[in-house]
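Protein chains in written order, with the working numbering: chain F, 1258 to 1457; chain X, 168 to 650.
Heads up, the beta-carbon is just placed ideally off N, CA and C, and yes, glycines get one too.
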Ligand code: SF4
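Here it is, written out as structure tokens:
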């Protein structure tokens, strides 16, 4: 995973609320067996709308998307995060995110920044003209107009994002604790600890 | 550990903590992992690249469902009929190869037990009360119907569970949804959950796990509870739960993966201890009167866009929230609906009875009860009934339900996700409407330009008969098989 500490650049002022994962990447793009190339399908339906921000050359290769409430609702498909990454987006700013989406985004090194609607309104305005700057270390979003919006982030997520840490590797290092749990479960919860396919 | 009264959710959570961090993140042990072909290839790919094995292949079960065509899988000579869509075939082939390579039990497309992963899990006794269950599919919440803490995960998490049999999670808040009273005839579990989603909205459960409580759920069959919990995710919740009880134990007992002998007795004793303690606090609660719930359908492109069947298509101005007004405008345009139109005047060209929400035997029985001795309307061009698994199919056929369905002019298919999402050949044509028993009415969900109305199997069957959205009670005043 790529470490991420600073995202700066043009932001796509999308602004829409309840952007579901079907909008981010329609189901017919889910048939891949690798992670690459999904950027092409990202926001496919929106891209067909006249005057949309995704085909507007002003926002080409922008690393940031600004959206409304409840971004990433709908299915658990991680393809939504891969599609954003593949289109070069590493930060989404919105008033709120669906739990599953923000988890998937984090695991793929995408920063999700939750800010109040007033801040979103202001950033939507700024993004039309100017770049936006997100600093993970100080947890602030700033603009060239001296706007300054602090944001919260889970300290563990922050640590992993800043250092590009892979969760699977981190957890595998706790193999002993897992084995201890499994030993205990074999006696306390034997009916959950195995299936007929288990070798005792 | 603690003597404070705890909820069902807290008890299951506490029993699965491997490690707790200061910031509240816990490493949670996962008892059962269901794997299907869509969200797993990249996870197996990563394991292969990093040389990591699957930690507990015995707690993992793989079944293909999303991409499979629901037409015959073998020809007259018993040979496999090739899958036309190259990408679908590629995903299916990847699972078929990955499962044995990593030592995971695989139920193949022509096995009798094959079906939708969320139908297969409970049916095989693989999903158990009190267990933590995950699958790379958001409707994993379904398994909450047997009292399991079950939720959908993304592919990175699939990889994490395959490699470590654990997940890093933070405890959710709890949301009590209590429904009490007597459901009217023709009001089914699907109507109950659609009504709830209409009330709380698609973001109402965000950050929460819903526990469905009250006599309505206590009296519901396990199949009905699975339907309700299936759609907890559409209310924004991470999971839904119904406390395991005697109904649950009777359902689980004797299933292939269920515990037996001494383990069974231990299991039941523990399961009985899981019910929420009196006085345990929920972060949020709502109470609903069962008598207020009518047969319910959706009119828009969000599962919260519900109305009782007696209602009319709303106007954007009916909504107080400005962004909802905008959304309704866009949604009505997409749906091709005019405000004020009576829902029972809305014609449908397609009917889909199936999906992990409503494809269990009870659902097929409810549909058959309505279809019996009737025939689909001429304007209904495509109407399919897709059992949730090969075993449901077999059971339905043993009861003669397939004959009723076929005689009514509907098609009887092979198990799979089918028209729930447009990943396999079952799609609703652009601009056409479908009375659908699935769980999502999102734009394009059943095919580009498709227009979905969510409802119960009995209501979908009624729509097939009249060719319009229909109050099933007008056709069958005393529906007996529905709850
Ligand atoms: S039936 Fe639909 S919701 Fe259920 S697992 Fe299949 S695609 Fe997902």
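Checklist entry - Given that a residue counts as buried once 16 or more other Cβ atoms are within 10 Å of its Cβ, and exposed if not, what is residue 321/X? => result Position 154 of the second chain, counted from the start, is the residue given in the question as residue 321/X. By the neighbour-count criterion, in which 16 or more other beta carbons inside 10 Å mark a residue as buried, residue 321/X falls on the buried side.
Item to check | Minimum length 4: unbroken alpha helix (DSSP H) runs contained in the region 491-563 of chain X | outcome: DSSP runs (the alpha helix (DSSP H)) wholly in the region 491-563 of chain X: 528-538.
Checklist entry - Is residue 1285/F close to chain X, meaning its C-beta is less than 9 Å from at least one C-beta of that chain? => result Residue numbering aside, residue 1285/F sits at position 28 when the first chain is read from its first letter. The beta-carbon of residue 1285/F is placed less than 9 Å from the nearest beta-carbon of chain X.
Next on the checklist: As a quick exercise: from 482/X, 273/X and 462/X, pick the residue whose alpha carbon is nearest that of residue 350/X.
Outcome noted: Taking the second chain and counting its residues from 1, the one referred to as residue 350/X is at position 183. Closest by alpha carbon: 462/X.
Checklist entry - Beta carbon of residue 661/X: closer than 8 Å to some heavy atom of the ligand SF4? => result Nothing about residue 661/X can be read from this structure; chain X reaches only from 168 to 650.
Checklist entry - Smallest Cα separation from residue 286/X: which of 523/X, 637/X and 581/X? => result For this step, residue 286/X is matched to residue 119 along the second chain. If we check each option's Cα against that of residue 286/X, 523/X comes out closest.
Checklist entry - In this structure, what does DSSP give as the bridge partners for residue 438/X? => result As a working mapping, residue 438/X is identified with position 271 in the second chain. Looking at the DSSP assignment, residue 438/X forms no beta bridge with any residue, so it has no partner.
Item to check | Backbone CA spacing between residue 380/X and residue 408/X [nearest angstrom] | outcome: The count along the second chain starts at 1 and reaches residue 380/X at position 213. The count along the second chain starts at 1 and reaches residue 408/X at position 241. Spanning the two alpha carbons is a distance of roughly 9 Å.
Next on the checklist: Please list, in chain order, the chain F residues whose beta carbon lies closer than 7 Å to that of residue 353/X.
Outcome noted: The residue labelled residue 353/X in the question sits at position 186 within the second chain. Listed along chain F is no residue with a C-beta nearer than 7 Å to that of residue 353/X; the closest approach is about 30 Å.
Next on the checklist: Which residues of the region 1307-1337 of chain F have a Cβ closer than 9 Å to any Cβ of chain X? Give them in chain order.
Outcome noted: Correct list: 1325, 1326, 1327, 1330, 1331, 1332, 1333, 1334, 1335, 1336 and 1337.
Next on the checklist: What does the alpha-carbon distance come out to for the pair residue 1428/F and residue 413/X?
Outcome noted: Here the question's residue 1428/F lines up with position 171 in the first chain. Here the question's residue 413/X lines up with position 246 in the second chain. Taking the straight line from one Cα to the other gives about 38 Å.
Item to check | As assigned by DSSP and simplified to three states, the class of residue 194/X | outcome: Position 27 of the second chain, counted from the first residue, corresponds to residue 194/X. The three-state reading of DSSP puts residue 194/X in strand, counting E and B together.
Next on the checklist: With distance defined between alpha-carbon atoms, name the residue in 415/X, 368/X, 451/X and 250/X nearest to residue 386/X.
Outcome noted: To locate residue 386/X, count along the second chain from 1; it is residue 219. Of 415/X, 368/X, 451/X and 250/X, the residue nearest in Cα terms is 415/X.
Checklist entry - Rounded to whole angstroms, how far is the Cβ of residue 1447/F from the Cβ of residue 430/X, which I believe are closer than 8 Å? => result Sequence index remark: in the first chain, residue 1447/F carries index 190 (1-based). Sequence index remark: in the second chain, residue 430/X carries index 263 (1-based). Confirmed, Cβ separation roughly 5 Å.
Checklist entry - Using a threshold of 8 Å, is the CB atom of residue 335/X nearer than that to any non-hydrogen atom of the ligand SF4? => result Here residue 335/X refers to the residue found at position 168 of the second chain. Not under cutoff, so the answer is no.
Item to check | 9 Å Cβ cutoff met for residue 1347/F and residue 1359/F | outcome: Residue 1347/F sits at position 90 when you count from the first residue of the first chain. Residue 1359/F sits at position 102 when you count from the first residue of the first chain. Taking 9 Å as the cut-off, the Cβ atoms of residue 1347/F and residue 1359/F do not count as close.
Next on the checklist: Less than 9 Å between the beta carbons of residue 378/X and residue 174/X, yes or no?
Outcome noted: Translated into positions along the second chain, residue 378/X becomes position 211. Translated into positions along the second chain, residue 174/X becomes position 7. Cβ distance < 9 Å, so residue 378/X and residue 174/X count as in contact.
Item to check | Simplified DSSP assignment, three categories, for residue 176/X | outcome: Position 9 of the second chain, counting from 1, holds the residue named residue 176/X. Correct three-state label for residue 176/X: helix.
Next on the checklist: Counting C-beta neighbours from all protein chains within 10 Å, is the total for residue 454/X 16 or more, i.e. buried, or is it exposed?
Outcome noted: Here the question's residue 454/X lines up with position 287 in the second chain. In the assembly as shown, residue 454/X is an exposed residue. Its beta-carbon has fewer than 16 other beta-carbons within 10 Å.
Next on the checklist: I want to verify the contact list: residues of chain F whose CB lies under 7 Å from the CB of residue 424/X, in sequence order.
Outcome noted: By 1-based counting over the second chain, the position of residue 424/X is 257. Within chain F, the residues near residue 424/X are 1452 and 1453.
Next on the checklist: From the DSSP secondary-structure annotation, give me the bridge partner or partners of residue 600/X.
Outcome noted: Position 433 of the second chain, counted from the start, is the residue given in the question as residue 600/X. Bridge partners of residue 600/X: 618/X.
Next on the checklist: Is residue 587/X close to the ligand SF4? I mean its beta-carbon at under 8 Å from any heavy atom of the ligand.
Outcome noted: Your numbering for residue 587/X matches position 420 in the second chain. At least one heavy atom of the ligand SF4 is nearer than 8 Å to the Cβ of residue 587/X, so yes.
Next on the checklist: Quick check: the Cα distance between residue 538/X and residue 636/X, rounded to an integer number of angstroms?
Outcome noted: As a working mapping, residue 538/X is identified with position 371 in the second chain. As a working mapping, residue 636/X is identified with position 469 in the second chain. Roughly 15 Å separates the two Cα atoms.
Checklist entry - Under 7 Å Cβ-Cβ, which residues of chain X neighbour residue 1356/F? => result Numbered from 1 along the first chain, position 99 holds the residue referred to as residue 1356/F. Within 7 Å Cβ-Cβ: 373, 374 and 405.
Item to check | First and last residue of the uninterrupted beta strand (DSSP E) at residue 465/X | outcome: Taking the first residue of the second chain as 1, we reach residue 465/X at position 298. That run of the beta strand (DSSP E) goes 463-465.
Checklist entry - Does any CB atom of chain X fall closer than 9 Å to the CB of residue 1447/F? => result Numbered from its first residue, the first chain carries residue 1447/F at position 190. The Cβ of residue 1447/F sits closer than 9 Å to at least one Cβ of chain X.
Item to check | Unbroken stretches of the alpha helix (DSSP H), 4 residues or longer, contained in the region 358-426 of chain X | outcome: Taken in chain order, the whole alpha helix (DSSP H) runs of length 4 or more contained in the region 358-426 of chain X are 382-385, 389-397 and 413-419.
Next on the checklist: Give me the subset of the region 239-262 of chain X whose CB atoms are less than 8 Å from a CB atom of chain F, sorted by chain position.
Outcome noted: The residues in question are 252, 254, 255, 257, 258 and 261.
Checklist entry - How long is the line joining the alpha carbons of residue 181/X and residue 274/X, rounded to whole angstroms? => result Taking the first residue of the second chain as 1, we reach residue 181/X at position 14. Taking the first residue of the second chain as 1, we reach residue 274/X at position 107. In this structure, the straight-line span from the alpha carbon of residue 181/X to that of residue 274/X is close to 32 Å.
Checklist entry - Can the beta-carbon of residue 203/X be found closer than 9 Å to that of residue 230/X? => result Within the second chain, numbered from 1, the residue matching residue 203/X stands at position 36. Within the second chain, numbered from 1, the residue matching residue 230/X stands at position 63. A distance below 9 Å separates the beta carbons of residue 203/X and residue 230/X.
Item to check | Rounded Cβ spacing between residue 299/X and residue 198/X (contact assumed at less than 8 Å) | outcome: Counting from 1 along the second chain, the entry for residue 299/X is found at position 132. Counting from 1 along the second chain, the entry for residue 198/X is found at position 31. Their Cβ separation, rounded to whole angstroms, is 5 Å, which keeps residue 299/X and residue 198/X in contact under 8 Å.
Checklist entry - Terminal residues of the continuous alpha helix (DSSP H) containing residue 568/X? => result Residue mapping note: residue 568/X aligns to position 401 of the second chain, counting from 1. Counting along the chain, the alpha helix (DSSP H) containing residue 568/X begins and ends at 568-574.
Checklist entry - Considering only C-alpha positions, which residue in the set 185/X, 516/X and 578/X is nearest to residue 337/X? => result Here residue 337/X corresponds to residue number 170 of the second chain, with the count starting at 1. Minimum Cα distance to residue 337/X is reached at 185/X.
Item to check | residue 606/X: CB within 8 Å of a non-hydrogen atom of the ligand SF4 | outcome: On the second chain, position 439 is the one that residue 606/X refers to. Answer for residue 606/X: yes, Cβ within range of the ligand SF4.
Item to check | Proximal chain F residues relative to residue 609/X, where beta-carbon distance stays under 7 Å | outcome: Within the second chain, the letter at position 442 stands for residue 609/X. Within chain F, the residues near residue 609/X are 1277, 1279 and 1331.
Next on the checklist: Looking at chain F, is there any beta carbon in it that lies within less than 9 Å of the beta carbon of residue 558/X?
Outcome noted: Translated into the one-based positions of the second chain, residue 558/X becomes position 391. Not an interface residue.
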